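A short worksheet on the structure shown next.
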Amino acid sequence: MKIPIRMISITTTFFWIFLIVFLVSAVYSFRDVRFGFEEPQIGLTSDNKILFSLPITIDNKGYYNIGSFNVTTEILDHEGFMITRASTFIPVIEKSRQVMATHNVTIDANDLQNSQDYLFNDTELEVRETVSIKLAEVIPVQASTNLSMPWGAPLYNFTLGEIEYAGFNGTHMTATVLISFENHASFDLTGNIQIQMYNGTDIQVSEGQTTIETPQNTPYYGRMELNVPIVGATESGYFEVYFSFPSFTLEEPLVIPYD
Amino acid sequence: MTEENKDLNKRLQKFTRKALKATIKGVFFYGIYFVLSMFLAPVSEIVLGFQQMIEVFVMVYIFLMIIGELTAGTIVHHFFSGAKALFVILYLIFALNGGIVGITVQNVNLIVDLRLFLVVAMLLGLLGFAKSVLQAINFLNEKAEHVHF
């Protein structure tokens with residue numbers, strides 16, 4: 214019986230040493246792995262979705278390969294509704310190698326619940342970031358964090374100014390409306406604004422359309438001229454404003470009263 | 006010198022040898038821990054209580070090892086050997102929280118899945134326990150062979 218006992222002894226000792234050395238060296242070698250997350254870039258995709266690009270650099274100077282590198286981003290609104298989810302996966306990062314990848318997250322503005330809030334008001338979005346790897350392709354490690362990301366409204370403080378009437382020609386007059394807003398979004402805004410003017414008895418008296426081009430983080434000031442019949446004009450009423458941009462379309466009009 | 010004194014001397018010599026062996030083993034094991042702890046220092050900086058957890062393990066393990074060595078040549082030695090193997094298994098299960106270790110550093114939740122390591126360690130522990138049982142059986146067997154009726 215002594216020989217089997219000795220064999221068990223030798224085997225267990227060997228495997229214990231192997232296991233401990235492997236675990237300690239795998240953990241220790243993780244010190245030499247460098248993760249670089251560069252400044253995220255924001256823009257629009259070819260199908261006019263909002264695109265966040267995060268360049269990632271992984272420099273594996275450890276003793277072992279890194280397996281199953283995965284970055285997952287979930288963006289949620291303030292009510293916890295998931296707006297988008299994106300993952301970037303790298304199967305293996307070999308030792309002594311540097312790998313660069315771009316983690317892309319797209320947001321379709323039309324998918325935003327309560328779109329009007331996001332178009333006219335600055336707010337915060339919740340970002341859930343998860344990074345997972347397999348140390349030495351064996352030990353799974355996962356790091357996750359919650360961040361808040363500022364959302365800049367593309368039509369922040371959208372207002373229509375006082376109506377200025379001019380140019381009477383007997384039946385019609387020209388009503389000039391000042392349009393102003395600030396594009397707080399991180400992308401340029403190009404599209405159409407259509408304004409329908411209603412009098413006090415809910416009858417449409419005029420409409421006009423204008424094309425706007427507003428670079429990111431800049432204010433917009435413009436004016437629209439509406440041809441209003443004198444008969445239908447009343448002192449008070451309301452405007453219905455329709456927005457149509459490649460990145461989003463607001464189906465419900467914005468109603469702004471005037472008097 | 007009487008026969009009784011000779012016997013006492015012999016026993017003392019035997020115990021000294023055991024104590025010396027236990028000391029050498031203890032120092033050797035502590036030396037291994039000391040070297041490994043240098044490699045694990047970065048983990049200790051991040052994980053609060055990690056150093057303490059390892060130290061408790063090393064302390065109890067060395068204690069059981071010394072006691073086991075001092076009782077060498079008796080059945081108690083094999084009991085301590087088995088206890089040592091079971092202690093390793095149980096301590097790993099509790100310390101590693103079943104294999105899923107989670108820590109929070111600032112706003113980052115870190116989860117390390119050590120289940121595979123735990124399973125291998127448990128199997129090795131069980132093998133060590135089986136070895137102790139076999140050694141105990143062998144010891145009793147050999148002792149029985151020496152009994153003359």
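So the protein sequences, as listed, match chains A and B.
For any residue, its number in the working numbering is found by taking its place in the first sequence, counting from 1, and adding 213.
For any residue, its number in the working numbering is found by taking its place in the second sequence, counting from 1, and adding 5.
Each residue gets a CB set at the ideal place from its N, CA and C atoms; glycine is no exception.
None of these values were measured; they are calculated from a predicted model.
Contact set between residue i and chain A, taken where Cβ atoms lie within less than 8 Å
i      : result
B:K136 : I218, I221, S222 and T225
B:V48  : V240
B:F99  : Result: empty, since nearest Cβ-Cβ is about 18 Å, beyond 8 Å.
B:L41  : I233 and V237
B:F85  : Result: empty, since nearest Cβ-Cβ is about 16 Å, beyond 8 Å.
Member of the options whose CA lies at the smallest distance from the CA of residue i
i      : options                           : result
A:L338 : A:T403, A:N412, A:D290 and A:S460 : A:D290
A:I269 : A:S300, A:T424 and A:F333         : A:S300
B:L75  : B:G130, B:E147 and B:L25          : B:L25
A:F235 : A:Y276, A:I223, A:P253 and A:Q254 : A:Y276
B:K136 : B:H82, B:N112 and B:I98           : B:H82
A:Q254 : A:F265, A:F452 and A:D245         : A:F265
A:D415 : A:F371, A:P470, A:T424 and A:P363 : A:P470
B:F34  : B:F20, B:Q140, B:I59 and B:Y96    : B:I59
B:A88  : B:V138, B:R22, B:I37 and B:A27    : B:V138
A:L463 : A:I263, A:G280 and A:Q329         : A:Q329
A:S457 : A:G450, A:F294 and A:I425         : A:I425
A:F381 : A:N283, A:P432, A:V444 and A:N430 : A:V444
B:F144 : B:T79, B:F92 and B:L132           : B:T79
A:T315 : A:F294, A:N405, A:Y433 and A:T285 : A:T285
A:E251 : A:T258, A:G383 and A:L267         : A:L267
A:T343 : A:Y434, A:G383, A:R298 and A:S238 : A:R298
B:G31  : B:I67, B:V125 and B:L131          : B:I67
A:E465 : A:I406, A:G450 and A:E448         : A:I406
A:A322 : A:K347, A:I263 and A:T336         : A:I263
A:I271 : A:F248, A:P363, A:V351 and A:F228 : A:F248
B:A141 : B:G73, B:A126 and B:M127          : B:G73
B:L53  : B:G130, B:L129 and B:T109         : B:T109
A:T431 : A:T447, A:Q422, A:F371 and A:A379 : A:F371
B:V61  : B:N114, B:L131, B:F99 and B:V125  : B:F99
B:I51  : B:I71, B:N114 and B:V125          : B:N114
Counted within 10 angstroms of its Cβ, other Cβ atoms place residue i as buried (16 or more) or exposed
i      : result
A:D472 : exposed
B:A90  : buried
A:V454 : buried
B:K11  : exposed
A:G412 : The residue asked about is misnamed: residue 412 of chain A is Asn in this sequence, not Gly. Buried.
A:M313 : exposed
B:A46  : exposed
B:I29  : exposed
A:F452 : buried
B:V112 : Position check: residue 112 of chain B holds Asn in this sequence, whereas Val was assumed. Exposed.
B:S86  : buried
A:N396 : buried
B:Q3   : Outside the displayed range of chain B (6 to 154) lies residue 3 of chain B, so it cannot be described from this structure.
A:M410 : buried
B:F20  : exposed
B:G133 : buried
A:Y331 : buried
B:V93  : buried
Interface residues of chain B facing residue i [CB-CB closer than 8 Å]
i      : result
A:R436 : What A:R436 touches in chain B: nothing, since even the nearest Cβ is about 48 Å away.
A:T358 : N112, V113 and N114
A:I352 : V117, D118, L119, L121 and F122
A:M214 : L139, I142, N143 and N146
A:R244 : P47
Proximal residues of chain B, C-beta to C-beta of residue i below 9 Å
i      : result
A:Q355 : N114, L115, I116, V117 and D118
A:Y411 : In chain order: nothing, as chain B lies at least about 51 Å away.
Nearest-angstrom Cβ-Cβ length linking residue i and residue j, presumed shorter than 8 Å
i      : j      : result
A:G365 : A:S399 : 6 Å
A:L492 : A:F333 : Examination of residue 492 of chain A is not possible in this model, given that chain A is present from 214 through 472 alone.
A:P459 : A:N261 : 4 Å
B:F55  : B:V48  : 6 Å
A:R436 : A:I376 : The Cβ separation is near 11 Å, so there is no contact.
A:I306 : A:I296 : Wrong, their Cβ atoms sit about 30 Å apart, outside the cutoff.
B:L123 : B:L97  : 6 Å
A:I279 : A:V246 : 7 Å
B:L41  : A:V237 : 5 Å
A:I216 : A:S281 : Going by Cβ atoms, the distance from A:I216 to A:S281 rounds to 43 Å, so no, they are not a contact pair.
B:L129 : A:L232 : 7 Å
Amino acids of chain A, ordered along the chain, whose beta-carbon sits closer than 7 Å to that of residue i
i      : result
B:A77  : The contacting residues do not exist; B:A77 stays about 15 Å from chain A at best.
B:A126 : L232
B:F44  : V237 and Y241
Contact list for residue i against chain A, beta-carbon separation under 9 Å
i      : result
B:F34  : Correct list: empty, because the minimum Cβ distance to chain A is about 12 Å.
B:G133 : I221, S222, T225 and W229
Interface partners of residue i on chain B, CB under 7 Å
i      : result
A:S229 : Looking at the sequence shown, residue 229 of chain A is not Ser but Trp. Simply L129.
Inset, instruction - Take every Cβ of the region 384 to 400 of chain A, pair it with every Cβ of the region 349 to 358 of chain A, and state whether three or more of those distances are shorter than 8 Å. - result: No, because fewer than three Cβ pairs between the region 384 to 400 of chain A and the region 349 to 358 of chain A fall closer than 8 Å, the two stretches do not touch.
Legend entry - Sufficient close CB pairs (3 or more, under 8 Å) joining the region 116 to 124 of chain B to the region 96 to 105 of chain B: By the Cβ rule, the region 116 to 124 of chain B counts as touching the region 96 to 105 of chain B, because three or more pairs are nearer than 8 Å.
Inset, instruction - Answer yes if the region 440 to 451 of chain A comes into contact with the region 240 to 250 of chain A, meaning at least three C-beta pairs across the two stretches below 8 Å, and no otherwise. - result: Counting Cβ pairs under 8 Å, fewer than three are found: no touch.
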